[in-house]
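Engineer: Those protein sequences? They're chains A and B, same order as listed.
Heads up, the first sequence is in numbering that gives the first Met the number 0, so the first residue is 0 and it goes up one at a time.
Heads up, the second sequence is in numbering that gives the first Met the number 0, so the first residue is 0 and it goes up one at a time.
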Amino acid sequence: MLSIKLAWRNIWRNKSRTLITVTSIAVAVLLSAVMRSMQEGQYKDMIDTTVGSFSGYAQVHANGYWDDKTLENSFVATDSLLNILKESKGVTAVVPRIESFALGAGKQQSRPLMVIGIDVKSEQHLMNPQIRLQSGSYFQQNDEKAAIVGRDVLERLNIQLGDSLVLLGQGFRGMSATGLYPVKGTITLPNPELNRSLVMLPLHKAQQFLAADNRLTSAALIIDDPEHVDRIVQHIINKLSTERYEVMAWQELMPELVQGIEVDRVSGYIILAVLYMVVGFGILGTLLMMITERTYEFGIMLSIGTPRHRLATILAVEILTIAILGSAVGILLSLPISWYFNINPIQLTGDMATTMENYGLQPMLQFSTEPSIFVWQAIIILIITLLFSLIPVLRASRLNPIKAMRG
Amino acid sequence: MPVIETHGLTKVYNPDKVPVHALNGVDLTIEKGEFTAIVGPSGSGKTTLLNIIGGLDTPTEGKTIIQQTELSSLSDRELVNFRLHHIGFVFQAYNLIPVLTAVENVSFVMQMQGRPSKECRKKSISLLKEVGLADKIDKRPTELSGGQQQRVAVARALASKPDFVLADEPTANLDSVSSADLLDLMLKLNEKEEMTFVFSTHDQRVIDRARRVVTLVDGKIDKDEVR
Ligand SMILES: Nc1ncnc2c1ncn2[C@@H]1O[C@H](COP(=O)(O)OP(=O)(O)O)[C@@H](O)[C@H]1O
Ligand SMILES: [Mg+2]
């Protein structure tokens, strides 16, 4: 109580110095929190666009499929399997797919295409082609003879909406695969590669085309909370034969994405570390000044019998109060900024935008408002403050009273 | 039973470079209730002696015994605690913690002693009344005159219920009226409360009013008169 009273009054004793210190801590917290918020927002966007709206947060395949993506590594969509998946806790939907490659032929051109058979209903949970339609309309049912293609496919094959697309390829067990599908719609996806080469067929038609009746290459899982993905994956692994199936979380499905995010995060931390150091030395300077100014006073306090640890406590409370004030101001200032750019993402233009689009990302920066980002920045700055104040505080509390009073 | 005893105190500053012999064998005994002035020319060792008696400095040789405790037997931590409970201090100037009011400054030592804050405040107010500052209890040191600040310091020195009060040139920064007032106060407390005072001074008007005058010359007791 006494320590807090003393700390509070001492803080206002030299208002301008306190103001400068609080401001520098606040600015550091503000910068670091906003920067982290921007980074994490970007990662979330990357994960959402690639994982949340294409691969799913987890997938089940036949064992070995992910290393060797061929129809020979497909599996039969038995009811019992699908039921196990659907009934697992945390799984809200199962999205079955069959994927392969085929040659697509238009009037004069032919191009390699990625053929993906989708369940017309459940795919709305994942890729949601219906709202991504650029022209035409969505499938009605799983055995409809029609195709929806990426927005650049028509141009590459030199055909038009309503024209027929000829697909040639190899089906399950080496069967030849041929088919003719009227193009019913075009779709825009955040990934330019998919825009150039994706062909979607209703699931049953795709299975027919690939001579793989009732077979799937993957079953993507829609889950209630991405944070629970590891638990859900483990739960399903325990229930399925691991000889026949592999169950993978998105981190395993997309190690490059995870690694890219990690590398970027670390480079962010390095910038932050420099910022933290600047703050730390600022605090150190303030403290040394403050202690030099008050050496005589500390001498009096020690002479009349103030225990050394009490003196250290009084000083520590003082610094901590300043650090808490600075952190609080920093967070209070950063929250509205991050919140604003969360609701109104910064739209990027020019080279930056092109680069991001090439990586399959939307050309915008949407900030994250994840509370832990802000709390962590405040905690880190508090820890830095304490670390940098340790030596001056100990030095002050170990003063020799006579020397301190002699000045 | 003496409150303070010193035996053969010597103090050598800078023993390795240019040694300064500040004390050269001081034997001094002070009984409870005495009112003693330590006098002598500048550099005669008054401050050094008071610092050693107060447990703020250690002698090169000799020992200091306060109420049967030999100070050299105490660790630094025990010594701080000993000062807190047994010795009241008044310094030449700037005795007070600037951000605390008069009453808070007086309470401070009692709070360090771990006494309940309500009791501290009550006792501090009555002490401030006793030193004649009833109307200044909520003033900060900067709002008080030099003489008033020294009175608060005396009140603080008494607050810890010490065995004795040590004051190194308490009047040196005061005008003659304030000096006389402070001395009146110390004498009154000495008579009424039987508080033991040991103070240094080189102000003749102050010396004239002391009951016992110990004169130091070159770090030795030259004269020791009781009046
Ligand atoms: N820390 C110190 N280092 C070296 N010499 C000192 C120190 N403190 C005091 N002295 C010397 O010791 C002698 C006694 O000083 P002091 O006790 O302050 O005397 P007084 O208080 O009577 O003026 C003086 O010669 C002084 O210069
Ligand atoms: Mg002196």
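Built from N, CA and C at the ideal position, the CB exists for glycine as well.
Can you give, in chain order, each stretch of the alpha helix (DSSP H) that sits fully within the stretch 314 to 347 of chain A and has at least 4 residues?
Structural biologist: With a minimum length of 4 residues, no continuous alpha helix (DSSP H) run stays inside the stretch 314 to 347 of chain A.
Engineer: Taking Cβ-Cβ distances below 8 angstroms as the criterion, which residues of the stretch 281 to 296 of chain A are in contact with chain B?
Structural biologist: Under the 8 angstroms Cβ criterion, the stretch 281 to 296 of chain A contributes Y295, E296.
Engineer: At which residues does the beta strand (DSSP E) containing Y64/A begin and terminate?
Structural biologist: Taken as a continuous stretch (DSSP letters only), Y64/A belongs to no beta strand (DSSP E), as it is neither H nor E.
Engineer: If you pair each beta-carbon of the stretch 153 to 164 of chain A with each one of the stretch 105 to 112 of chain A, do three or more pairs fall below 8 angstroms?
Structural biologist: Cβ pair count under 8 angstroms is three or more, so yes.
Engineer: Just checking K10/B against ligand 3 - is the residue's beta carbon closer than 7 angstroms to any of the ligand's heavy atoms?
Structural biologist: For ligand 3, the structure offers nothing, since it holds only ligand 1 and ligand 2.
Engineer: Among V246/A, S79/A, L301/A, V28/A, which residue has its Cα nearest to the Cα of A57/A?
Structural biologist: Among V246/A, S79/A, L301/A, V28/A, the Cα nearest to that of A57/A is on V246/A.
Engineer: Do the stretch 67 to 85 of chain B and the stretch 11 to 26 of chain B make contact, defined as three or more Cβ pairs closer than 8 angstroms?
Structural biologist: Touching, no.
Engineer: Along the alpha helix (DSSP H) that carries T185/A, what are the first and last residues, could you check?
Structural biologist: Per DSSP, T185/A belongs to no alpha helix (DSSP H); it is in the beta strand (DSSP E), 175 to 186.
Engineer: Sort out for me which residues DSSP pairs H6/B with in a bridge.
Structural biologist: Answer by DSSP bridge pairing, in chain order: K62/B.
Engineer: Keeping to the same chain, check which residues put their C-beta closer than 6 angstroms to that of I37/B; ignore five residues upstream and five downstream.
Structural biologist: Only K45, S199, V213 meet the Cβ criterion.
Engineer: Quick one, are the C-beta atoms of L209/A and P95/A less than 8 angstroms apart?
Structural biologist: No, Cβ-Cβ distance for L209/A and P95/A is not below 8 angstroms.
Engineer: Indicate whether the contact test is met: 3 or more Cβ pairs, each with one atom in the stretch 390 to 403 of chain A and one in the stretch 284 to 298 of chain A, closer than 8 angstroms.
Structural biologist: Taking 8 angstroms as the limit for Cβ pairs, the verdict is that the stretch 284 to 298 of chain A does touch the stretch 390 to 403 of chain A.
Engineer: Which residues of chain B have a Cβ atom closer than 9 angstroms to the Cβ of R12/A, listed in chain order?
Structural biologist: Residues of chain B passing the Cβ test: P97, V98.
Engineer: Any heavy atom of ligand 1 closer than 7 angstroms to the beta-carbon of G44/B?
Structural biologist: For ligand 1, at least one heavy atom lies less than 7 angstroms from the Cβ of G44/B.
Engineer: Enumerate, from N- to C-terminal direction, the unbroken alpha helix (DSSP H) stretches of 4 or more residues contained entirely within the stretch 118 to 155 of chain A.
Structural biologist: Entirely contained in the stretch 118 to 155 of chain A, the alpha helix (DSSP H) runs reaching 4 residues are, in chain order, 128 to 131.
Engineer: I401/A touches chain B at which residues, Cβ-Cβ below 7 angstroms?
Structural biologist: Chain B residues near I401/A: N50, L55, D56.
Engineer: Between which residues of its own chain and G98/A is the CB-CB distance below 6 angstroms, once the five residues before and five after are set aside?
Structural biologist: This sequence places Glu at residue 98/A; Gly is not what is there. Cβ neighbours of E98/A beyond the five flanking positions: I115, T216.
Engineer: Could you check the C-alpha separation between P97/B and E77/B for me, to the nearest Å?
Structural biologist: If I take the Cα positions, the gap works out to 27 angstroms.
Engineer: At which residues does the beta strand (DSSP E) containing T200/B begin and terminate?
Structural biologist: Here T200/B belongs to no beta strand (DSSP E), and DSSP marks it neither H nor E.
Engineer: Any beta carbon of chain B sitting closer than 8 angstroms to that of I299/A?
Structural biologist: It does: the Cβ of I299/A has a partner Cβ on chain B nearer than 8 angstroms.
Engineer: Scan the stretch 10 to 38 of chain A and note each continuous beta strand (DSSP E) run of 3 residues or more that stays entirely inside, going in chain order.
Structural biologist: Listed in chain order, nothing qualifies, since the stretch 10 to 38 of chain A has no complete beta strand (DSSP E) run of 3 or more residues.
Engineer: What residue does the beta strand (DSSP E) around L200/A start on, and which one ends it?
Structural biologist: That run of the beta strand (DSSP E) goes 197 to 201.
Engineer: If I follow the unbroken beta strand (DSSP E) through I29/B, where does it start and stop?
Structural biologist: Per DSSP, I29/B belongs to the beta strand (DSSP E) from 19 to 30.
Engineer: Looking at chain A, which residues of the stretch 103 to 115 of chain B have a Cβ within less than 7 angstroms of any of its Cβ atoms?
Structural biologist: Cβ contacts with chain A: V108, Q110, M111.
Engineer: Taking 7 angstroms as the cut-off, is the CB of D167/B close to at least one heavy atom of ligand 2?
Structural biologist: At least one heavy atom of ligand 2 is nearer than 7 angstroms to the Cβ of D167/B, so yes.
Engineer: Measuring only between beta-carbons, confirm whether N309/A sits less than 8 angstroms from chain B.
Structural biologist: The displayed chain sequence assigns Arg, not Asn, to residue 309/A. Chain B contact via Cβ: present.
Engineer: So is I303/A in contact with chain B if we call contact Cβ pairs under 8 angstroms?
Structural biologist: It does; some Cβ of chain B falls within 8 angstroms.
Engineer: Residues in the stretch 5 to 29 of chain A with C-beta within 7 angstroms of chain B's C-beta atoms, listed in sequence order?
Structural biologist: Here the close residues are L5, R8, N9, R12.
Engineer: Using the Cα positions of I362/A and L112/A, report the straight-line distance between them to the nearest angstrom.
Structural biologist: Sequence inspection shows Pro at residue 362/A; the Ile mentioned does not correspond to that position. When rounded, the distance between both Cα atoms is 26 angstroms.
Engineer: Tell me whether N13/B, by its Cβ, gets closer than 7 angstroms to a heavy atom of ligand 1.
Structural biologist: Within the cutoff, so yes.
Engineer: Would you call the stretch 395 to 405 of chain A and the stretch 297 to 306 of chain A in contact, with 3 or more CB pairs under 8 angstroms?
Structural biologist: Result yes; three or more Cβ-Cβ pairs closer than 8 angstroms.
Engineer: By the DSSP assignment, the beta strand (DSSP E) with T35/B in it spans what residues?
Structural biologist: From DSSP, the beta strand (DSSP E) with T35/B extends over 34 to 38.
Engineer: Classify V374/A as buried or exposed, calling it buried when 16 or more other Cβ atoms lie within 10 Å of its own Cβ.
Structural biologist: Answer is exposed; the Cβ neighbour count stays below 16.
Engineer: By Cβ distance, which residues of its chain are closer than 7 angstroms to M194/B, with the 5 residues on each side in sequence left out?
Structural biologist: Around M194/B: L157, V164, L188.
Engineer: For the beta strand (DSSP E) that V246/A lies in, which residues bound it at each end?
Structural biologist: Here the beta strand (DSSP E) through V246/A covers 244 to 248.
Engineer: Below 7 angstroms, is the gap between the Cβ of A21/B and the nearest heavy atom of ligand 1?
Structural biologist: The answer is yes for A21/B.
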